[in-house]
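Asks:
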Amino acid sequence: MPKPPSGSYPVYFKKYIDLVAQNNINAAFAAQQNIINDYFISLPAKKHLYKYAKGKWTLKEVLQHLIDCERIFAYRALCTARKEKQNILPFEENDYAKNSKANGRKWVHLCDEFIAVRQSTQFLIESFNTEQLKALGKVNGNKINALALAFICVGHVYHHINIINERYLAE
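Residue numbering for the sequence shown follows my numbering, beginning at 633 and increasing consecutively.
Printed below as a string of structure tokens:
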């Protein structure tokens with residue numbers, strides 16, 4: 633399935649979709665698989681609890697954020713594909729991070745969980761037919777479809793990898 637057209641997602645998600653080089657969601661998931669499997673586990677242990685500035689998240693919190701968002705985006709995709717008529721409410725990412733207790737978790741467990749959650753997301757997206765991928769739902773009062781949410785999952789990971797490389801590993 634090709635990238636979603638504008639109008640099938642809120643404009644503020646364009647930055648994530650634009651980070652995905654592939655024009656096909658299955659190819660995009662496949663291209664990111666090695667990153668999900670290898671990049672995070674390779675990050676140095678001395679950085680796992682590092683914050684690049686006051687009030688920012690540790691790497692453990694960033695990885696937990698990616699896991700949480702992947703689950704939320706996948707749930708939203710499920711809702712839109714199943715033609716949920718109710719508006720899906722937003723979430724406050726900073727509250728999720730604060731309450732995640734990620735800093736007390738083992739890094740390898742976070743990495744393994746992310747791999748499992750991504751695999752689940754892929755299975756879900758692959759289960760949808762074209763009609764389901766294009767069905768519009770409503771999140772936070774905005775129209776969006778499952779295909780856009782799948783591309784957002786991929787782009788969101790690239791977004792945070794860029795931040796990790798620039799702000800956590802740059803020293």
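For glycine and all other residues, C-beta sits at the position ideal for the given N, C-alpha and C.
Residues in the same chain with beta-carbon distance under 6 Å from T712, minus the five sequence neighbours each way, listed in chain order, please.
Replies: In the sequence shown, counting from the first residue as 1, residue 712 sits at position 80. Excluding positions up to five away in sequence, the list reads A767, G769, N777, A778.
Asks: Would you check if the distance between the CB atom of F783 and the CB atom of P636 is smaller than 8 Å?
Replies: Residue mapping note: residue 783 aligns to position 151 of the sequence shown, counting from 1. Residue mapping note: residue 636 aligns to position 4 of the sequence shown, counting from 1. Cβ atoms of F783 and P636: closer than 8 Å.
Asks: On the three-state DSSP scale, how would you describe N656?
Replies: Along the sequence shown, one-based indexing puts residue 656 at 24. In this structure, N656 counts as strand in the three-state DSSP scheme.
Asks: Measure from the alpha carbon of K647 to the alpha carbon of each residue in A802, N797, A780, M633, then state which is nearest.
Replies: On the sequence shown, residue 647 is found 15 positions in, with the first residue counted as 1. It is A780.
Asks: Looking only at C-alpha atoms, which of A659, N772, H792, P642 sits nearest to N719?
Replies: Walking along the sequence shown from the start, residue 719 turns up at place 87. Nearest option by C-alpha distance: N772.
Asks: Run through the DSSP bridge pairs and tell me what V786 is partnered with.
Replies: Taking the first residue of the sequence shown as position 1, residue 786 is located at position 154. Its beta-bridge partners do not exist; DSSP assigns none.
Asks: Do three or more CB pairs link the stretch 644-662 to the stretch 690-699 at distances below 8 Å?
Replies: no
Asks: Might you give, ordered along the chain, the residues of its own chain that have their beta carbon closer than 8 Å to the beta carbon of L742, omitting 5 neighbours on each side?
Replies: Here residue 742 refers to the residue found at position 110 of the sequence shown. Cβ neighbours of L742 beyond the five flanking positions: F672, K692, L695, Q696, I699, A734.
Asks: Please return the same chain residues whose Cβ sits closer than 6 Å to the Cβ of Y641, not counting the five positions on each side in sequence.
Replies: Position 9 of the sequence shown, counted from the start, is the residue given in the question as residue 641. I776, A780.
Asks: Quickly, what does DSSP pair K646 with across the bridge? List them, please.
Replies: One-based indexing of the sequence shown puts residue 646 at position 14. Beta-bridge analysis with DSSP links K646 to no other residue.
Asks: Using DSSP bridges, identify the partner residues of P634.
Replies: Locating residue 634 in the sequence shown gives position 2, counting from the first residue. DSSP lists N656 as partners of P634.
Asks: If distances are taken between C-alpha atoms only, which option among D727, I667, N797, C785 comes closest to R703?
Replies: Working through the sequence shown from its first residue, we reach residue 703 at position 71. Answer by Cα proximity: C785.
Asks: Since I believe M633 is in contact with T762 (beta carbons under 8 Å), could you give me their beta-carbon distance rounded to a whole number of angstroms?
Replies: Mapped onto the sequence shown, residue 762 falls at position 130. Mapped onto the sequence shown, residue 633 falls at position 1. Contact flag correct, Cβ pair sits at about 7 Å.
Asks: So, using beta-carbon positions, are L651 and H791 closer together than 8 Å?
Replies: The residue labelled residue 651 in the question sits at position 19 within the sequence shown. The residue labelled residue 791 in the question sits at position 159 within the sequence shown. Yes, Cβ-Cβ distance for L651 and H791 is below 8 Å.
Asks: Helix, strand or coil, according to DSSP, for L765 in the structure here?
Replies: Walking along the sequence shown from the start, residue 765 turns up at place 133. L765 falls in the helix class under three-state DSSP.
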